[in-house]
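Chains as they are written, first to last, in the working numbering: chain A, 31 to 331; chain B, 31 to 331.
Here's what the structure looks like:
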């Protein structure tokens, strides 16, 4: 296991570099008119981040025999959607956060109007990247449409936005585990699952492969959010790059808050085991997905 | 001319009804979980509106031999994008408007957080509609991708969002005509032009037809915004359903403000004539597009 983790670290770093390079190339430059909005968009995209969603999409595509190169624009689109959701989530009317990834949040630096517009711009740019005629030429148009649909569904009001809406609507209220599960699986889990699912579709997955990888992605996404809550509860601000124990301060429902730390840890581990079980039919090409699942439990930021 | 206008009125009403019925069918229902966000989304979509962008997309598709039925989801997607842009534009951090189409704006009714999320949800739902496997089956996947790309480009930071960003960034500043032209052609013109352009692509346009219709759409969109400014300057609040002379009160640059009313009127008329000239190669199927161009100059709301 140690050996795998060592490889994983290099793998993640290599992948992050290639995603970053692609993002730099494909997002409008800072001096593109109007510079105000493009500076704001790029600020948040390049404020750090593990690029987990793009890396999952690339790994899922490779697990079914696709190539990372062909799926790179889709991977980048997922990061743009993730970034837009953070910008809007941090707004004063939403979570009102001043710090993200160790840096002042978008609206703190550029003002609320520009932060709203930059978020809108990143979301729209994601779908532009997904449909540009000069990119992803090796993926059939039908598969591209399917992959985009998968992403749009996950990012929309029946997915991520639905989760965020309930997260805000229930703030300060005592909620029961099923509603917390809804919030977790939608706010964070939906886009993570869609990263795996859309990557698999674009990579050429058969229906059976796609279903298995969706099962993996769903468990992975859910456990990711539980670990996020645990880190918020136990973490140190320096390591996380954002304020900690904010969830509790805001009266947000969290897994540790409802079920306790030990039970939350157990639940996250169980989900990771389930995620891994979906990968059984896959050969060594799914190894990065296996290593990432184990990594979820060990991450510290 | 009178005769055409009479027919146009019926045509617009019939089309509006079919777009409205499709929107009701395709946007998640009010009681879909979470109801908070779906109520907010539907409130703004069904708060009125002429459905100009969808109607233009349908008319452009028909002008090149396509059918309205096949392009209806694309037409609806354009209205969702338009509506999201209005919700975000009305936010306190942006234009801070309390009234839109004669009704309280989204954030006034549902609060800022839900208005931001509903806008995000509508934008995302647009791309979901554009890619759903059960819709637009008669349009080739490649044409669908091209049409979506055309829309994403127009709605993004190099299009509509860029125009909005400059509109806000220049508030209270004296600006020169070229920058005002940028704001007009991007804030409003880009999505109107894309409605025509994407409708044409989805309708099966040849490259030559598509270019002509893009020329039409570009002039139409620009003249539309000039007329909007003129209406704001002269209009009555009752007829417009929103506060008037707000542009001036906010120190916004407008065509009448920079060039005067007479010169603005002349410019709008000139653009409509140019728009019409692009339709010369088309037969009677482009008649609705011709009538709409004339209507732009006569509209009172």
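C-beta atoms are modelled at their ideal positions from N, C-alpha and C, and glycine is treated no differently.
- Rounded to whole angstroms, what's the CA-CA distance from residue 179 of chain B to residue 103 of chain B? Just pull it up for me. Here residue 179 of chain B refers to the residue found at position 149 of the second chain. Here residue 103 of chain B refers to the residue found at position 73 of the second chain. Here the alpha carbon of residue 179 of chain B sits roughly 15 Å from the alpha carbon of residue 103 of chain B.
- In chain order, what residues of the same chain lie with their CB nearer than 8 Å to the CB of residue 78 of chain B, ignoring the 5 residues before and after it? For this step, residue 78 of chain B is matched to residue 48 along the second chain. Closer than 8 Å at the Cβ level, and outside the excluded window around residue 78 of chain B, lie 131, 132, 133, 271.
- Query: Terminal residues of the continuous alpha helix (DSSP H) containing residue 319 of chain A?
  - Reply: Translated into the one-based positions of the first chain, residue 319 of chain A becomes position 289. It spans 317–328 - the alpha helix (DSSP H) in which residue 319 of chain A sits, taken as one unbroken run.
- Give the DSSP-derived three-state secondary structure of residue 130 of chain A in the structure shown. Taking the first residue of the first chain as 1, we reach residue 130 of chain A at position 100. Correct three-state label for residue 130 of chain A: strand.
- In chain order, which continuous runs of the alpha helix (DSSP H) of length 4 or greater are located wholly inside the stretch 105–193 of chain B? Runs found: 136–140, 142–161, 171–185.
- Query: So is residue 187 of chain A in contact with chain B if we call contact Cβ pairs under 8 Å?
  - Reply: Taking the first residue of the first chain as 1, we reach residue 187 of chain A at position 157. Yes, residue 187 of chain A counts as interfacial toward chain B.
- Query: How is residue 62 of chain B classed by DSSP in three states: helix, strand or coil?
  - Reply: Taking the first residue of the second chain as 1, we reach residue 62 of chain B at position 32. Here residue 62 of chain B sits in coil by DSSP.
- Item | Which of helix, strand or coil DSSP assigns to residue 254 of chain B | Counting from 1 along the second chain, the entry for residue 254 of chain B is found at position 224. In this structure, residue 254 of chain B counts as helix in the three-state DSSP scheme.
- Query: What's the C-alpha gap between residue 217 of chain A and residue 290 of chain A?
  - Reply: Here the question's residue 217 of chain A lines up with position 187 in the first chain. Here the question's residue 290 of chain A lines up with position 260 in the first chain. Taking the straight line joining both Cα atoms gives about 21 Å.
- Task: Using alpha carbons as the reference points, say which of B:52, B:174, B:165, B:243 lies closest to residue 89 of chain B.
- Result: One-based indexing of the second chain puts residue 89 of chain B at position 59. The option with the nearest alpha carbon to residue 89 of chain B is B:243.
- Query: Cβ of residue 182 of chain B within 8 Å of Cβ of residue 70 of chain B?
  - Reply: Taking the first residue of the second chain as position 1, residue 182 of chain B is located at position 152. Taking the first residue of the second chain as position 1, residue 70 of chain B is located at position 40. Against a cut-off of 8 Å, the Cβ pair of residue 70 of chain B and residue 182 of chain B comes out as no contact.
- Determine the contact status of residue 112 of chain A and residue 221 of chain A, defining contact as a CB-CB distance below 8 Å. Position 82 of the first chain, counted from the first residue, corresponds to residue 112 of chain A. Position 191 of the first chain, counted from the first residue, corresponds to residue 221 of chain A. The answer is yes: Cβ separation under 8 Å.
- Let me know the secondary structure DSSP gives residue 287 of chain A once reduced to three states. Counted from its first residue, the first chain places residue 287 of chain A at position 257. Three-state DSSP puts residue 287 of chain A in a helix.
- Message: With H, G and I counted as helix, E and B as strand and the rest as coil, what does DSSP make of residue 229 of chain B?
- Response: In the second chain, residue 229 of chain B corresponds to position 199, counting from 1. Of the three classes helix, strand and coil, the one that applies to residue 229 of chain B here is helix, per DSSP.
- Task: Could you give the DSSP three-state label for residue 309 of chain A: helix, strand or coil?
- Result: The count along the first chain starts at 1 and reaches residue 309 of chain A at position 279. Note: residue 309 of chain A maps to coil in three-state DSSP.
- Query: What are the boundary residues of the alpha helix (DSSP H) that residue 85 of chain B is part of?
  - Reply: One-based indexing of the second chain puts residue 85 of chain B at position 55. Residue 85 of chain B -> alpha helix (DSSP H) spans 82–93.
- Item | CA-to-CA distance, residue 225 of chain B to residue 123 of chain A, given in whole angstroms | For the purposes of this step, residue 123 of chain A is taken as the residue at position 93 of the first chain. For the purposes of this step, residue 225 of chain B is taken as the residue at position 195 of the second chain. One alpha carbon belongs to residue 123 of chain A, the other to residue 225 of chain B, and they sit about 32 Å apart.
- Item | Own chain partners of residue 203 of chain B with C-beta closer than 8 Å, once the 5 adjacent residues on each side are dropped | Start at 1 with the first residue of the second chain, and residue 203 of chain B comes out as number 173. The beta carbon of residue 203 of chain B lies closer than 8 Å to those of 281, 283 in the same chain, with the five residues before and after it left out.
- Item | Within chain A, partners of residue 191 of chain B - CB distance below 8 Å | Along the second chain, read from residue 1 onward, the residue named residue 191 of chain B stands at position 161. 67, 147, 150, 151, 154, listed in chain order.
- Query: Touching or not, the stretch 93–101 of chain B and the stretch 225–234 of chain B, by the rule of three or more beta carbon pairs under 8 Å?
  - Reply: The answer is yes - the stretch 225–234 of chain B touches the stretch 93–101 of chain B, with three or more Cβ pairs under 8 Å.
- the stretch 235–254 of chain B: positions lying closer than 8 Å to chain A by Cβ: Residues passing the 8 Å Cβ filter: none.
- Check the Cβ of residue 103 of chain B against every Cβ in chain A and list those closer than 9 Å, keeping chain order. Within the second chain, numbered from 1, the residue matching residue 103 of chain B stands at position 73. Neighbours of residue 103 of chain B on chain A: none; closest Cβ ~12 Å, over 9 Å.
- Item | is_contact[residue 163 of chain B, chain A] using C-beta, thresh 8 Å | Residue mapping note: residue 163 of chain B aligns to position 133 of the second chain, counting from 1. Interface criterion met: the Cβ of residue 163 of chain B is under 8 Å from a Cβ in chain A.
- Query: Can residue 146 of chain A and residue 110 of chain A be called in contact, C-beta distance under 8 Å?
  - Reply: For the purposes of this step, residue 146 of chain A is identified with residue 116 of the first chain, where counting begins at 1. For the purposes of this step, residue 110 of chain A is identified with residue 80 of the first chain, where counting begins at 1. No, the pair does not count as a contact, with Cβ atoms beyond the cut-off.
- Near residue 260 of chain A, what residues of its chain come up, given a Cβ to Cβ distance below 8 Å and the 5 sequence neighbours on each side ignored? On the first chain, position 230 is the one that residue 260 of chain A refers to. Residues of the same chain with a CB within less than 8 Å of the CB of residue 260 of chain A, apart from the 5 flanking positions on each side, are 285, 286, 291, 294, 295, 298 in chain order.
- Item | Residue from B:108, B:60, B:144, B:105 whose Cα sits closest to the Cα of residue 117 of chain B | By one-based count along the second chain, residue 117 of chain B stands at place 87. For residue 117 of chain B, the closest of B:108, B:60, B:144, B:105 by C-alpha to C-alpha distance is B:144.
- Message: Any beta carbon from chain B within less than 8 Å of residue 317 of chain A's own beta carbon?
- Response: Counting from 1 along the first chain, the entry for residue 317 of chain A is found at position 287. No - not a single Cβ of chain B is within 8 Å of the one on residue 317 of chain A.
- Query: For the stretch 40–68 of chain A, which residues have a CB atom closer than 8 Å to at least one CB atom of chain B, in sequence order?
  - Reply: Hits within the stretch, in order: 58, 62, 63, 64, 66, 67, 68.
- Query: Name the chain A residues that come within less than 8 Å of residue 19 of chain B, Cβ to Cβ?
  - Reply: For residue 19 of chain B there is no data in the structure shown, the boundaries of chain B being 31 and 331.
- Quick one: what's got a C-beta closer than 7 Å to residue 228 of chain A's C-beta in the same chain, skipping five residues either side? Taking the first residue of the first chain as position 1, residue 228 of chain A is located at position 198. Within the same chain, residue 228 of chain A has close Cβ partners 87, 104, 177, 180, 181.
- Message: So that I know if they touch, is there some Cβ in chain B lying closer than 8 Å to that of residue 123 of chain A?
- Response: Along the first chain, one-based indexing puts residue 123 of chain A at 93. At least one beta carbon of chain B lies nearer than 8 Å to the beta carbon of residue 123 of chain A.
- Out of curiosity, what's the CA-to-CA distance linking residue 195 of chain A and residue 61 of chain A? Within the first chain, the letter at position 165 stands for residue 195 of chain A. Within the first chain, the letter at position 31 stands for residue 61 of chain A. Rounded to whole angstroms, residue 195 of chain A to residue 61 of chain A spans 34 Å at the Cα level.
- Message: For a quick check, are the C-beta atoms of residue 160 of chain B and residue 174 of chain B less than 8 Å apart?
- Response: Here residue 160 of chain B is taken as the residue at index 130 of the second chain, counted from 1. Here residue 174 of chain B is taken as the residue at index 144 of the second chain, counted from 1. Their beta carbons are under 8 Å apart, which means residue 160 of chain B touches residue 174 of chain B by this criterion.
- Query: Taking the alpha-carbon positions, what's the residue 328 of chain A to residue 58 of chain A distance?
  - Reply: Counted from its first residue, the first chain places residue 328 of chain A at position 298. Counted from its first residue, the first chain places residue 58 of chain A at position 28. Rounded to the nearest whole angstrom, the C-alpha separation of residue 328 of chain A and residue 58 of chain A is 35 Å.
- Item | For residue 77 of chain A, the three-state DSSP class (helix, strand or coil) | If you number the first chain from 1, residue 77 of chain A lands on position 47. Correct three-state label for residue 77 of chain A: coil.
- Query: Whole-angstrom Cβ separation of residue 153 of chain B and residue 153 of chain A, contact assumed at under 8 Å?
  - Reply: Residue numbering aside, residue 153 of chain B sits at position 123 when the second chain is read from its first letter. Residue numbering aside, residue 153 of chain A sits at position 123 when the first chain is read from its first letter. Their Cβ separation, rounded to whole angstroms, is 6 Å, which keeps residue 153 of chain B and residue 153 of chain A in contact under 8 Å.
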